[in-house]
Amino acid sequence: MGVIGKAAVCFVQGASRGIGAQYCRSLIARENFQVIASCRKPEASQELMELKKSYPDKLLILPLDVTKEDTIANAALQVDKLFGKLDLLVNAAAILHPSGRGETSLKTTSAEDMAKTFQTNTIGPLMVAKHFSKLLSKGDGLVGTQGSGESEKHSSVLVNMSAKVGSITDNGLGGWYSYRMSKAALNMATKNLSVELGRGQRRTVCISLHPGTVDTDLSRPYHKNVKNLFSTEQSVGMMLKVIDSLCMSDSGKFFLYDRSVMPY
Ligand SMILES: NC(=O)c1ccc[n+]([C@@H]2O[C@H](COP(=O)([O-])OP(=O)(O)OC[C@H]3O[C@@H](n4cnc5c(N)ncnc54)[C@H](OP(=O)(O)O)[C@@H]3O)[C@@H](O)[C@H]2O)c1
15 MGVIGKAAVC
25 FVQGASRGIG
35 AQYCRSLIAR
45 ENFQVIASCR
55 KPEASQELME
65 LKKSYPDKLL
75 ILPLDVTKED
85 TIANAALQVD
95 KLFGKLDLLV
105 NAAAILHPSG
115 RGETSLKTTS
125 AEDMAKTFQT
135 NTIGPLMVAK
145 HFSKLLSKGD
155 GLVGTQGSGE
165 SEKHSSVLVN
175 MSAKVGSITD
185 NGLGGWYSYR
195 MSKAALNMAT
205 KNLSVELGRG
215 QRRTVCISLH
225 PGTVDTDLSR
235 PYHKNVKNLF
245 STEQSVGMML
255 KVIDSLCMSD
265 SGKFFLYDRS
275 VMPY
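The numbering used here applies: residue 15 is where the sequence shown begins, and numbers increase by one.
Quick look at the structure:
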């Protein structure tokens, strides 16, 4: 795989299954798109192995554990060597809770579980942004919609996969302390990133994005209570429409899959 002139280079981390794997399938089907998928154990991801068979030249798979910064740095080094830029970064990896189920009350919280959730859902994506921000600044602006004036132009797009339950304003139910708090903090990271990566000539549009409730392992324990359960194809199809429409003035916002803006 060599450097491709003006291909859009997209990096999806947390791509072994669920929404991340679907982003890879949908992006790779686009003409002149190059996809880099990362996950903890690439060889264990049947979905990625199958995709690699269909698109041997368009897909690169790299090992990356968001809780291990050296693996993030190594992946960034590989992407730099092969492509020298990024047009799109999707931070998809997350856990609901180490047990697979969110806390129902204060008495079921534990410091250890909360720290593990933050490590994956909040600190991990920020460390990915840290190591990939230089590559994002070198993007060709091939993802999103460019504004008219020079100050409206962007080089790249960064998407942090968030969750509606991370909205402080929207929280009427309580529960799920670790997941809610980790996503609320991730939203703050998105806002901060939008300020820092929105300066200068080579800007990155940074957003938080809620996918809807989607038929994946993460939400599986709660499916029976869901009225509108999306397939990964449906959700990613809608989210890519949002991503394709993004311009500089959208940076720092928290979007739902239908492009409505969620209050933080
Ligand atoms: N599904 C929903 O209804 C829903 C709703 C709102 C928001 N979201 C958000 O959407 C995103 C994708 O979720 P999903 O539903 O696709 O979940 P999923 O099917 O459970 O997939 C989660 C992904 O995260 C990866 N991951 C977990 N810990 C990791 C680590 N330490 N390092 C690297 N990768 C790690 C998993 O890889 P392994 O295979 O290695 O475990 C897997 O690829 C998440 O950010 C989630 O919070 C989902």
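C-beta atoms are modelled at their ideal positions from N, C-alpha and C, and glycine is treated no differently.
Discussion item. Distance check for leucine 200 and lysine 148, CA to CA, integer angstroms please.
Written reply: Here residue 148 refers to the residue found at position 134 when the sequence shown is read from its first residue. Here residue 200 refers to the residue found at position 186 when the sequence shown is read from its first residue. Straight through space, the alpha carbons of leucine 200 and lysine 148 are spaced by roughly 20 Å.
Worksheet entry | Under 8 Å between C-beta atoms of leucine 78 and alanine 89 | On the sequence shown, residue 78 is found 64 positions in, with the first residue counted as 1. On the sequence shown, residue 89 is found 75 positions in, with the first residue counted as 1. Yes; because the gap between Cβ atoms is below 8 Å, this pair is in contact.
Worksheet item: Looking at serine 233 and ligand 1, is the gap between the Cβ and the nearest heavy atom below 7 Å?
Response: Position 219 of the sequence shown holds residue 233. Answer for serine 233: yes, Cβ within range of ligand 1.
Worksheet item: Between Met276, Ser196, Gly163, Val256, which lies nearest to alanine 107 when the distance is taken from Cα to Cα?
Response: Walking along the sequence shown from the start, residue 107 turns up at place 93. It is Ser196.
Practice prompt. Ignore the nearest five residues each way along the sequence and tell me which others in glycine 34's own chain have a CB closer than 6 Å to its CB.
Written response: On the sequence shown, residue 34 is found 20 positions in, with the first residue counted as 1. Short of 6 Å from the beta carbon of glycine 34, and not among the five residues preceding or following it, lie these beta carbons of its own chain, in chain order: Val26, Gly28, Ala106.
Worksheet entry | Nonlocal neighbours in the same chain, by C-beta distance under 7 Å from methionine 252, ignoring five residues either side | Counting from 1 along the sequence shown, the entry for residue 252 is found at position 238. Excluding positions up to five away in sequence, the list reads Tyr271, Asp272.
Worksheet entry | Three CB pairs or more closer than 8 Å across the segment 32-51 and the segment 241-255 | yes
Fill in: Check whether serine 208 and serine 265 have beta carbons under 8 Å apart
Sequence index remark: in the sequence shown, residue 208 carries index 194 (1-based). Sequence index remark: in the sequence shown, residue 265 carries index 251 (1-based). It is a contact, given that the beta carbons lie within the stated cut-off.
Worksheet item: Would you say the segment 221-240 touches the segment 171-180, given that touching needs at least three Cβ pairs under 8 Å?
Response: yes
Worksheet item: Do you know offhand how far isoleucine 10's Cα is from lysine 66's?
Response: Because residue 10 is not part of the residues shown, which for the chain are 15 to 278, the question remains open.
Practice prompt. May I have the straight-line CA-CA distance separating lysine 238 from glutamine 248, to the nearest angstrom?
Written response: Taking the sequence shown and counting its residues from 1, the one referred to as residue 238 is at position 224. Taking the sequence shown and counting its residues from 1, the one referred to as residue 248 is at position 234. Their backbone Cα atoms lie some 19 Å apart in a straight line.
Discussion item. Pairs of beta-carbons, one from the segment 98-105 and one from the segment 149-158, closer than 8 Å: are there three or more?
Written reply: yes
Worksheet entry | C-alpha distance - methionine 262 paired with lysine 121, whole-angstrom precision | Sequence index remark: in the sequence shown, residue 262 carries index 248 (1-based). Sequence index remark: in the sequence shown, residue 121 carries index 107 (1-based). Here the alpha carbon of methionine 262 sits roughly 43 Å from the alpha carbon of lysine 121.
Worksheet item: Which ranges would you report for the beta strand (DSSP E) in the segment 231-270 if only whole runs of at least 3 residues count?
Response: 268-270
Worksheet entry | Rounded straight-line distance, which links the Cα of proline 70 to that of valine 17 | On the sequence shown, position 3 is the one that residue 17 refers to. On the sequence shown, position 56 is the one that residue 70 refers to. Because valine 17 carries a pLDDT of 43, less than 50, the predicted location of this residue cannot be relied on, and no value is offered for it.
Discussion item. Could you tell me the alpha carbon to alpha carbon distance between isoleucine 86 and glycine 138, rounded to whole angstroms?
Written reply: Here residue 86 corresponds to residue number 72 of the sequence shown, with the count starting at 1. Here residue 138 corresponds to residue number 124 of the sequence shown, with the count starting at 1. Spanning the two alpha carbons is a distance of roughly 9 Å.
Discussion item. Rounded to the nearest angstrom, what separates lysine 20 and leucine 62 at their Cα positions?
Written reply: Working through the sequence shown from its first residue, we reach residue 20 at position 6. Working through the sequence shown from its first residue, we reach residue 62 at position 48. Lysine 20 and leucine 62: Cα-Cα distance of roughly 24 Å.
Worksheet entry | Beta-carbon spacing of threonine 131, tyrosine 193 below 8 Å | If you number the sequence shown from 1, residue 131 lands on position 117. If you number the sequence shown from 1, residue 193 lands on position 179. Yes, they are a contact pair.
Worksheet item: Are glycine 158 and lysine 167 close, meaning C-beta to C-beta below 8 Å?
Response: Here residue 158 corresponds to residue number 144 of the sequence shown, with the count starting at 1. Here residue 167 corresponds to residue number 153 of the sequence shown, with the count starting at 1. In this structure, lysine 167 does not lie closer than 8 Å to glycine 158 by Cβ.
Practice prompt. State the Cα-Cα distance for the pair tyrosine 236 and leucine 140, rounded to the nearest angstrom.
Written response: Counting from 1 along the sequence shown, the entry for residue 236 is found at position 222. Counting from 1 along the sequence shown, the entry for residue 140 is found at position 126. If you take the alpha carbons of tyrosine 236 and leucine 140, they lie about 28 Å apart.
Discussion item. Can you find the residues in the same chain that come closer than 6 Å, C-beta to C-beta, to serine 59, ignoring five residues on each side of it along the sequence?
Written reply: Here residue 59 is taken as the residue at index 45 of the sequence shown, counted from 1. Result list for serine 59: Ser30, Cys53, in chain order.
Practice prompt. Determine which residues share a DSSP beta bridge with cysteine 220 and list them.
Written response: Translated into the one-based positions of the sequence shown, residue 220 becomes position 206. Leu172, per the DSSP bridge assignment.
Discussion item. Let me confirm a value: glutamate 117 is counted as buried when at least 16 other C-beta atoms fall within 10 Å, else exposed. Which label applies?
Written reply: Here residue 117 refers to the residue found at position 103 of the sequence shown. Glutamate 117 comes out buried.
Worksheet item: Between the C-alpha atoms of glutamine 160 and aspartate 258, what's the straight-line distance to the nearest angstrom?
Response: Taking the sequence shown and counting its residues from 1, the one referred to as residue 160 is at position 146. Taking the sequence shown and counting its residues from 1, the one referred to as residue 258 is at position 244. Put simply, the backbone Cα of glutamine 160 is about 10 Å away from that of aspartate 258.
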